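Below is one structure, written out as structure tokens, with a few remarks after it.
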Amino acid sequence: MAQKEDFEIIIIAGVAKNNVIGNKNQLPWHLKEDLQHFKELTFGNPVIMGRATYLSILEYLGKPLPGRTNIVLTKESDNKPGFIFVDSIPKALETAKKHGEKVYIIGGQSIYQQLMPLADKLEITHIHRGFEGDTFFPEIKADDWLEIKTQDCKGEQFEFSFSTYEKRPSAIKPNKKGMFITFEGIDGSGKSTQIRKLVEHIFNKSKYHNIILTRNPYKNVNIREILHQDQDPYSQAEKLADLYITDRINQTKEIITPNIEKGHFVISDRYKISTIVYQATQGLDMQSLVNKQSILPKPDMTFIVDISAEEAQRRMQNESIEVRGKEHKFEANLEFIKKLRENTHKVKEVLHDEKIFIIDGARSRDEITKEICEIFDKEMENLN
Ligand code: ADP
């Protein structure tokens, strides 16, 4: 199901000066203003609580909190009427989404700890006194949370304040894995042009996403030397395959995997399909090139920008040598590029479990961008 972007997760808690939130499954203080505040904020919305909080509500009220969908996160579900029992955080949030635009997380300690990274806002009643207790609120890190509102109050026995915190944009970590997108195609096909357009598209969709660009060859200077010094497109196939694959394994370890894990978008200009197609065109066995790279992470989607060898050459001839660099080994040979294109069309069969889109690159830049962005948006929706 697509993520509902405007759904808010709010943590609400009363917290003593020493971070205590509870003692022997009860609130350590009695503060009617806070009970009133809690009711005003949460009324009409779903609430999520853990087992201990559920039991304490049962003991205190003998029934669910009225006017709210009471969701209990627990491995041992009961059948008390008026409560919804779920056994995972995603299920709790899905249930809450069906019952409102926002959800209040009402405790206790372990539920707060687990939901703190996902929460958008904190509504904290700071009690300006320490209390004895056995459960605590997690640290509210100033790097992650910005106090946007606070109201100081005087109670009968102690002072307290109602504070609202918002998560700082820099602390928003996507709770999903990032996405890995690769572009393939012969030099001059328009890959770099389309990568820039896709970056713009992703960036405009969500301002909090990081986009990491990388290209092949990654670091190995020997590869570039061979490409520029050796003009025979059919020579040094084995050596190039090895160099490229080793280089790509490093790229995966250093750039691709860590960034996907951080939830970033990683876009690579060329990836394993280049080695499969170029070195197969040089005469190596296509399937064994596939097998040798099977340990590499699979892209979430690959765009092959497909144009004729002649058109690619025409486009590159319009560029200055400073932009493109010297012509090299492969692209200078029209016959080689024609074979390469034929092999490119076979790659979907050998990588049958990957999402590969062959894009007609002989159209205008905008037409191509439109198609790529539409595919991207659709795939994003499916992945969410
Ligand atoms: P690649 O990264 O695949 O080598 P580029 O994006 O650098 O390709 O494009 C090669 C050349 O062709 C560039 O000069 C670029 O401006 C031009 N170009 C890119 N896309 C198109 C297009 N759809 N129509 C005409 N020229 C294009």
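The sequence shown begins at 1 in this note's numbering and counts up one residue at a time.
Glycine included, each C-beta is placed from N, C-alpha and C at the ideal position.
Keep in mind it's a predicted model, so treat the numbers as computed, not measured.
Where the alpha helix (DSSP H) containing residue i begins and where it ends
i	result
Q313	309-317
H414	Missing from the structure shown is residue 414; the chain here goes from 1 to 384 and no further.
D242	237-251
I212	Taken as a continuous stretch (DSSP letters only), I212 belongs to no alpha helix (DSSP H), being part of the beta strand (DSSP E) at 211-215.
S56	51-61
D34	32-42
Y278	272-281
H126	Premise fails: H126 lies in the beta strand (DSSP E), 121-127, not in any alpha helix (DSSP H).
K24	Segment: none, K24 is in no alpha helix (DSSP H) and carries neither H nor E.
F203	191-205
A111	Per the sequence presented here, residue 111 reads as Ile, with Ala not at that position. Taken as a continuous stretch (DSSP letters only), the alpha helix (DSSP H) holding I111 covers 109-115.
E225	221-229
E331	Element bounds for E331: n/a, residue is neither H nor E.
I255	Counting along the chain, I255 falls outside any alpha helix (DSSP H), and DSSP gives it neither H nor E.
Nearest to residue i (by Cα), restricted to the options the options
i	options	result
H99	P81, I127, R68, S77	R68
I245	Y218, T193, D230, D232	Y218
H37	R51, Q231, T125	T125
E261	N210, G133, D377, K80	N210
Y54	N79, L41, N45	N79
A52	G107, I202, N222, T95	G107
K385	Q151, I186, A142, T150	One cannot answer for residue 385 here, as it falls past the ends of the chain, which runs 1 to 384.
I304	E184, F160, M116	E184
I359	L41, E374, N259	E374
F83	K24, E342, I89, K63	K63
Within 8 Å, strictly: CB atoms of residue i and residue j
i	j	result
I140	I48	no
T275	D306	no
D300	E379	yes
V20	F162	no
L65	V86	no
L340	Y278	yes
H128	K39	no
D385	K91	Residue 385 cannot be examined here, being either before or after the span of the chain that is shown, 1 to 384.
P233	N333	yes
K338	A309	yes
T95	I57	no
E331	G188	yes
G432	L27	Here the chain comprises residues numbered 1 to 384, so residue 432 is not present and cannot be evaluated.
I256	V347	no
Q194	T369	yes
Y271	N222	no
V290	L240	no
G133	N23	yes
T164	E123	yes
First through last residue of the beta strand (DSSP E) which encompasses residue i
i	result
S161	159-167
M286	Taken as a continuous stretch (DSSP letters only), M286 belongs to no beta strand (DSSP E), being part of the alpha helix (DSSP H) at 286-292.
Q151	145-154
H345	H345 -> not in any beta strand (DSSP E); alpha helix (DSSP H) instead, spanning 334-350.
F70	It should be pointed out that residue 70 corresponds to Asn in this sequence rather than to Phe. 70-73 is the extent of the beta strand (DSSP E) around N70.
S268	265-269
I106	Note, I106: premise wrong, no beta strand (DSSP E); not H, not E.
G14	8-16
Query - Inter-stretch contact (C-beta, 8 Å, three-pair minimum) for the segment 256-271 and the segment 179-193 - result: Enough Cβ pairs lie closer than 8 Å, so yes.
Query raised in the report: Should the segment 25-44 be called in touch with the segment 154-168, which here means at least 3 C-beta pairs below 8 Å?
Result: yes
Query raised in the report: Hey, is the segment 7-18 in contact with the segment 102-119, meaning 3+ C-beta pairs nearer than 8 Å?
Result: yes
Query raised in the report: Do the segment 192-200 and the segment 310-318 meet, that is, are 3 or more Cβ pairs less than 8 Å apart?
Result: no
Query raised in the report: Around ligand 1, what residues have a beta-carbon under 5 Å from a heavy atom of it, in chain order?
Result: D187, G188, S189, G190, K191, S192, T193, R315, E319, R365
Query raised in the report: Does the segment 237-255 come within contact of the segment 285-300, defined as at least 3 CB pairs closer than 8 Å?
Result: yes
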